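One structure is given below, encoded as structure tokens.
In the UniProt record's numbering, the protein residues as written are 1 to 634.
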């Protein structure tokens with residue numbers, strides 16, 4: 001750091017430098033979004049001042065009318081955006097304009113590909129904010145004074161968007177922030193008044209405070225030297241309080257981009273006003289892309305909270321459950337106090353009522369999307385499906401509604417990317433089928449090739465193929481859907497009920513009696529490793545499989561707990577043999593007990609591998625298998 005007088009020069013944070021470079025090169029074709037971002041920041045600054053002035057009215061000084069002004073100048077090749085919002089102190093300038101203070105930065109940069117189109121989408125997920133100024137400017141100046149600080153503690157920040165920036169104290173009578181963009185030669189159209197007006201109308205008409213520009217003057221007024229006057233060029237009315245019939249889709253989309261800083265359009269939205277005992281307005285959006293911190297359950301999340309059109313809180317998590325943390329939007333209540341805090345929200349019964357209603361509204365919005373636009377819903381499911389799967393455990397009251405929205409791959413088509421609802425599954429159920437069958441695997445390939453599916457394929461019975469880490473836990477939480485039990489095909493005794501022919505049941509009993517001695521011999525070899533050995537009715541092609549006991553923890557959940565270092569309840573699998581398989585028939589005839597033991601151990605380890613589980617002693621398994629192969633080759 002060097003200093004000349006009181007001017008300091010500082011280097012950008014590494015991530016900020018990379019982002020600046022990307023901004024200039026990747027978003028070149030969509031330059032006008034810089035104006036949306038800077039006006040959006042100015043609007044946020046006004047919201048923050050409104051909120052802080054509730055407890056400290058003196059922060060408004062003698063300038064209570066909040067506004068944003070935009071001034072173009074062809075002679076100086078500049079465009080200037082000014083607000084009289086909260087402003088920034090020196091420390092806030094360094095923090096906000098020199099670093100990227102947002103979780104997920106490292107993950108964001110790791111995902112950059114060099115493909116301009118794809119990287120532009122990533123920027124949209126990340127949010128560009130102030131740095132978008134460098135898309136059109138080769139030099140940017142910021143003059144700012146935080147509300148409540150004296151005029152001589154204002155700050156001047158300046159940068160060319162390369163390695164560093166300078167910062168120095170200045171005198172500034174007005175509170176708030178002024179951003180001066182010195183335009184590049186290829187962006188001089190943004191020094192044109194009418195060009196800028198059209199961009200503001202396109203992107204910022206919904207901003208709830210006036211965006212002002214100089215009113216056009218007649219030649220006579222110019223000759224007379226009349227001073228130009230400002231006029232409001234946007235709607236300047238909170239979009240969510242307007243009647244739905246008055247708002248165009250384009251306005252809803254631009255408002256979403258304003259509150260989310262997302263370049264992508266939302267998948268869908270819901271605008272609603274509630275009147276009566278409880279009065280509030282809500283505008284909720286389902287994004288197309290997930291934020292980078294979605295899997296951090298402790299990250300900031302939630303909707304923007306307004307009370308009587310006054311901004312209160314940027315991320316109020318109290319109005320939606322955690323499994324809907326991807327929802328963006330605004331809630332404006334007439335029934336909450338203007339000095340509400342997070343602690344007060346947690347104890348307010350009105351908030352509980354609103355949370356319940358807003359949760360149902362989001363679930364209804366998703367159900368409507370699923371019916372109206374299957375392709376869009378598949379996009380939603382691919383992005384947010386695993387988060388929604390947290391719902392049944394967190395929200396018992398809406399368990400059935402959430403279950404209706406779940407999607408699964410199935411043996412109906414065996415495609416991982418093609419998912420089906422539980423209603424789809426039920427519509428295809430066999431006559432006499434009472435349960436919804438599912439199998440859990442470490443991957444889709446493992447689930448779809450599970451030996452547990454063999455008898456189901458033979459009988460043409462559809463099975464859900466589950467491979468997400470939460471699936472085993474999810475199914476245990478759900479238990480049933482539409483009055484039908486959810487049945488893990490790899491757990492407990494397999495009873496197909498009316499789907500089993502009488503001769504199949506008799507055949508199983510017959511095989512169990514005929515191979516009683518074999519089962520006892522195998523049980524002796526695997527003593528301590530299994531809770532039971534028995535003849536199977538699940539397999540048609542495989543020699544053996546492992547089954548989980550009715551009340552034991554599933555294999556997938558067991559692995560997750562072990563990987564997380566958690567204590568896992570001690571349980572042993574059930575080992576099922578297919579006596580009609582040639583290997584098992586050969587095993588039954590083996591007289592050499594050592595060779596018999598090796599064969600049993602090999603089958604047991606293979607059954608583990610088929611489940612995606614680790615075998616206890618891989619080297620012993622390989623040794624026994626090699627020994628067997630050598631004997632066969634003689």
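Backbone N, C-alpha and C fix where the C-beta goes; we use that ideal spot for every residue, glycine too.
All values reported here derive from a predicted model rather than from experimental measurement.
Note on residue 157: 16 or more other CB atoms within 10 angstroms of its CB, so buried under the neighbour-count rule. Cβ-Cβ distances below 6 Å link residue 366 to 405 in the same chain, with the five nearest sequence neighbours on each side left out; the list follows chain order. The DSSP-derived three-state label of residue 491 is strand.
In the DSSP assignment, residue 566 falls outside any alpha helix (DSSP H) and carries neither an H nor an E. Assignment of residue 290 by DSSP, reduced to helix, strand and coil, places it in the coil class.
In the three-state reduction of the DSSP assignment, residue 295 falls in the coil class. As far as DSSP is concerned, residue 612 takes part in no beta bridge.
Here DSSP, grouped into helix, strand and coil, assigns residue 436 to strand. Residue 264 sits close to residue 289, with the two beta carbons spaced by under 8 Å. Excluding five sequence positions before and after residue 361, the CB atoms of its chain that fall closer than 6 Å to its own CB belong to 270, given in chain order. In this structure, DSSP gives residue 420 an extended state, which the three-state scheme calls strand. Annotated three-state conformation of residue 576 is strand, per DSSP.
Looking from the CA of residue 137, the closest CA among 231, 35, 92 belongs to 35. Looking at the DSSP output, residue 303 bridges to 316. Judged by their CB atoms, residue 33 and residue 179 are not nearer to each other than the 8 Å cut-off. Scanning 168, 510, 318, 255 for the CA closest to the CA of residue 202 turns up 255. A contact between stretches requires three or more CB pairs, one per stretch, nearer than 8 Å, and the region 573 to 581 meets this requirement with the region 530 to 537. A distance of 8 Å or more separates the beta carbons of residue 83 and residue 11. Straight through space, the alpha carbons of residue 326 and residue 414 are spaced by roughly 29 Å. In the three-state DSSP reduction, residue 311 falls in the strand class (E or B). Within 10 angstroms of the beta-carbon of residue 244 lie fewer than 16 other beta-carbons, which makes it exposed. Looking only at 623, 588, 618, 46, the smallest Cα-Cα distance to residue 313 is reached by 46. Taking a contact as a CB-CB distance under 8 Å, the pair residue 319 and residue 358 counts as one, their CB atoms being some 6 Å apart.
The residue among 272, 195, 69 with its C-alpha nearest the C-alpha of residue 211 is 69. Separation of residue 368 and residue 473 (C-alpha to C-alpha, rounded to the nearest whole angstrom) is 27 Å. Residue 271 is bridged by DSSP to 283.
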